[in-house]
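What follows is a set of notes on a single structure, which appears directly below.
Number of protein chains: 2
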Amino acid sequence: MDTAAPTGARARTRRAILDAALSVLSKNVGASLADIAAEAGVGRTTIHRHFPERSDLLAALGTHLLDQIEAATQRARLEEGPAMEALDRVCQEYFELGEGLWFAFENPQITEWTDWESETESDRALARVVERGHAEGTIDPELPAAWVVQMLWAVLYAAWQHTRENSASRHTAMTLCLRTLRKSIAATGA
Amino acid sequence: MDTAAPTGARARTRRAILDAALSVLSKNVGASLADIAAEAGVGRTTIHRHFPERSDLLAALGTHLLDQIEAATQRARLEEGPAMEALDRVCQEYFELGEGLWFAFENPQITEWTDWESETESDRALARVVERGHAEGTIDPELPAAWVVQMLWAVLYAAWQHTRENSASRHTAMTLCLRTLRKSIAATGA
DNA sequence: CCTTATTGGAACAGTCGTGTTCCGAAAAAG
DNA sequence: CTTTTTCGGAACACGACTGTTCCAATAAGG
Numbered sequence: 002m003d004t005a006a007p008t009g010a011r012a013r014t015r016r017a018i019l020d021a022a023l024s025v026l027s028k029n030v031g032a033s034l035a036d037i038a039a040e041a042g043v044g045r046t047t048i049h050r051h052f053p054e055r056s057d058l059l060a061a062l063g064t065h066l067l068d069q070i071e072a073a074t075q076r077a078r079l080e081e082g083p084a085m086e087a088l089d090r091v092c093q094e095y096f097e098l099g100e101g102l103w104f105a106f107e108n109p110q111i112t113e114w115t116d117w118e119s120e121t122e123s124d125r126a127l128a129r130v131v132e133r134g135h136a137e138g139t140i141d142p143e144l145p146a147a148w149v150v151q152m153l154w155a156v157l158y159a160a161w162q163h164t165r166e167n168s169a170s171r172h173t174a175m176t177l178c179l180r181t182l183r184k185s186i187a188a189t190g191a
Numbered sequence: 002m003d004t005a006a007p008t009g010a011r012a013r014t015r016r017a018i019l020d021a022a023l024s025v026l027s028k029n030v031g032a033s034l035a036d037i038a039a040e041a042g043v044g045r046t047t048i049h050r051h052f053p054e055r056s057d058l059l060a061a062l063g064t065h066l067l068d069q070i071e072a073a074t075q076r077a078r079l080e081e082g083p084a085m086e087a088l089d090r091v092c093q094e095y096f097e098l099g100e101g102l103w104f105a106f107e108n109p110q111i112t113e114w115t116d117w118e119s120e121t122e123s124d125r126a127l128a129r130v131v132e133r134g135h136a137e138g139t140i141d142p143e144l145p146a147a148w149v150v151q152m153l154w155a156v157l158y159a160a161w162q163h164t165r166e167n168s169a170s171r172h173t174a175m176t177l178c179l180r181t182l183r184k185s186i187a188a189t190g191a
């Protein structure tokens with residue numbers, strides 16, 4: 002029983018393997034199972050015990066990450082308050098996800114590993130907020146919702162890179178991120 | 002003689018291999034040489050004749066792409082005219098590079114394949130333009146040059162993705178890209 | 001404390017990609 | 001047209017990774 006009886010021990014090593022997989026695959030998508038096992042401090046055999054095939058591990062990792070993204074989206078309570086503030090909140094929640102978010106971002110193929118649809122519920126929720134912003138008159142009406150969502154991801158990515166390449170603090174990067182996103186999508190003061 | 006006597010034929014297949022490598026590796030970084038050979042309409046043996054080892058092919062591809070980026074940067078004549086317009090020009094030049102640009106963008110390891118420094122001449126030229134914009138008072142002084150450069154890449158990336166996922170025309174995407182970049186980095190009308 | 005679940009390691013077969021060699025065919029160059 | 005260059009395909013050895021099996025050691029749980 003894999004999911005039926007998650008005894009403490011079993012669940013713990015499962016997490017250790019998933020964490021190690023994320024860490025190792027982030028640096029090198031083609032890394033071997035032996036690498037992941039080493040990082041997890043676990044025998045290679047144990048990995049196969051939890052995930053019969055490599056693809057099973059990838060699928061589990063994908064589902065894990067996408068679940069985290071969905072959870073972060075929910076925490077942002079997108080349907081509450083002004084659209085602009087909702088986008089601020091979701092940016093911060095996403096940013097807190099850290100490494101996992103960028104692994105998902107840089108490997109869109111992840112949706113092929115899992116049984117997820119290519120357009121997630123999060124995507125739709127974001128689009129709805131932007132449309133609310135259009136209705137409020139706070140978001141530039143000349144920018145399509147899909148484009149604004151794309152920008153949100155792009156700016157978040159820039160912020161993440163900024164922390165890595167310019168050793169900027171998370172807080173500094175987030176401040177720049179929010180300031181820039183706001184300016185770029187705000188309705189022109191007409 | 003590899004580079005000494007580039008007879009027409011040899012140079013042509015070399016290009017075909019590099020083009021195929023870009024196309025195939027863009028979809029799957031771990032693709033095999035056989036895949037690349039097939040895409041190029043060439044025998045696998047021929048690839049090894051031009052590039053003894055896989056790493057040689059990657060290095061050649063990396064150099065090829067980075068050369069194209071440098072050339073595009075020069076065409077933009079960054080040192081001429083107002084900073085904002087210079088950034089507009091460079092955005093358009095980069096965007097025209099298409100697939101190759103994103104391969105380089107998504108595989109920063111590319112600099113490890115080649116003998117390039119991690120910070121290219123293009124990077125420095127872009128930073129100088131931004132600082133000129135700061136001096137002119139046209140670029141938001143609260144945004145560090147490194148951040149503005151990061152934004153430029155991020156917005157370009159968003160535009161590229163926009164054409165692929167939302168089947169937007171290159172022109173539409175470019176318009177959104179330039180409009181958004183301008184707004185995001187412009188000095189606040191103080 | 002005793003039973004059961006979980007693990008680590010060794011060993012093995014099978015697959016896939018790489019790099020090399022060799023030879024005949026085809027294309028280019030003169 | 002003849003010579004030289006370039007190419008394609010087959011065959012091979014080699015190494016790396018995968019997935020499996022088996023057994024002994026260890027940790028967890030009752």
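Heads up: the sequence lines are chains A and B, in that order.
Each number in my numbering corresponds to the 1-based position in the first sequence with 1 added.
Each number in my numbering corresponds to the 1-based position in the second sequence with 1 added.
Note that CB positions come from ideal geometry on N, CA and C, so glycine has one too.
query                                                                                                                                                                                                              : result
For T74/B, is the classification buried or exposed, using 16 other Cβ atoms within 10 angstroms of its Cβ as the cut-off for buried?                                                                               : buried
Give, in chain order, every unbroken run of the alpha helix (DSSP H) that is at least 4 residues long and sits entirely within the segment 17 to 44 of chain B.                                                    : 34 to 41
Tell me the rounded alpha-carbon separation between S170/B and T164/B.                                                                                                                                             : 6 Å
Could you compute how far the alpha carbon of A77/B sits from the alpha carbon of E120/B?                                                                                                                          : 19 Å
State yes or no: is the beta carbon of E166/B nearer than 9 Å to at least one beta carbon in chain A?                                                                                                              : yes
If you follow the alpha helix (DSSP H) that Q75/A is part of, which residue opens it and which one closes it?                                                                                                      : R55 to R76
Rounded to whole angstroms, what's the CA-CA distance from L23/B to V25/A? Just pull it up for me.                                                                                                                 : 25 Å
Using CA coordinates, which residue listed in H49/B, T176/B, H135/B and L19/B is at the minimum distance from I186/B?                                                                                              : H135/B
Give me the residue from T64/B, P109/B, W161/B and R129/B with the minimum Cα distance to W148/B.                                                                                                                  : R129/B
I need the boundaries of the alpha helix (DSSP H) containing G134/B, first residue and last residue.                                                                                                               : E122 to E137
Around the C-beta of A84/A, are 16 or more other C-beta atoms found within 10 angstroms, so that it is buried, or is it exposed?                                                                                   : buried
Kindly list, in the order they appear in chain A, the residues whose Cβ is closer than 9 Å to that of E107/B.                                                                                                      : E107
Going along chain A, which residues have a C-beta under 9 Å from M175/B?                                                                                                                                           : Within 9 Å Cβ-Cβ: nothing; M175/B doesn't reach chain A, min ~12 Å.
If you run the structure through DSSP and keep just helix, strand and coil, what is A187/A?                                                                                                                        : strand
Taking the alpha carbon of L59/B as the point to measure from, which residue in N167/B, W161/B and D116/B has its own alpha carbon closest?                                                                        : D116/B
Applying a beta-carbon distance threshold of less than 7 Å, which residues of chain B neighbour Q151/A?                                                                                                            : A159, Q162 and H163
Check each candidate in H65/B, A174/B, A188/B and I18/B and name the one with the smallest Cα separation from V131/B.                                                                                              : A188/B
I want to see whether chain A comes within less than 9 Å of W103/B, judged by CB atoms only; does it?                                                                                                              : no
Which residues share a DSSP beta bridge with I140/B?                                                                                                                                                               : A187/B
Going along the chain, which residues of its own chain have a beta-carbon closer than 7 Å to the beta-carbon of A174/A, five neighbours each way excluded?                                                         : A160, H163 and T164
Which residues of the segment 129 to 148 of chain A have a Cβ closer than 9 Å to any Cβ of chain B? Give them in chain order.                                                                                      : D141, E143, L144, P145, A147 and W148
In whole angstroms, give me the CA-to-CA distance for L182/A and L62/A.                                                                                                                                            : 30 Å
Could you check whether the segment 97 to 110 of chain A touches the segment 24 to 40 of chain A, counting it as contact only if at least three pairs of C-beta atoms, one from each stretch, sit closer than 8 Å? : yes
If you reduce the DSSP assignment to three classes, tell me which class D89/B lands in.                                                                                                                            : helix
Using the Cα positions of D36/A and Q151/B, report the straight-line distance between them to the nearest angstrom.                                                                                                : 32 Å
Buried or exposed: which applies to E40/A, given that a residue is buried once 16 or more other Cβ atoms fall within 10 Å of its Cβ?                                                                               : buried
Can you name, in chain order, every residue of its own chain whose Cβ lies under 8 Å from the Cβ of I48/A, other than the five neighbours on each side?                                                            : I18, L34, I37, A38, A41 and L58
Look up A159/A in the DSSP assignment and say whether it is helix, strand or coil.                                                                                                                                 : helix
When you compare the CB of G31/B with every CB in chain A, is at least one pair closer than 9 Å?                                                                                                                   : yes
If C92/A sits next to L153/A, beta carbons under 8 Å apart, how far is it from one beta carbon to the other, in whole angstroms?                                                                                   : 7 Å
Let me know if G101/B comes out buried or exposed under the rule of 16 or more other beta-carbons within 10 Å of its beta-carbon.                                                                                  : buried
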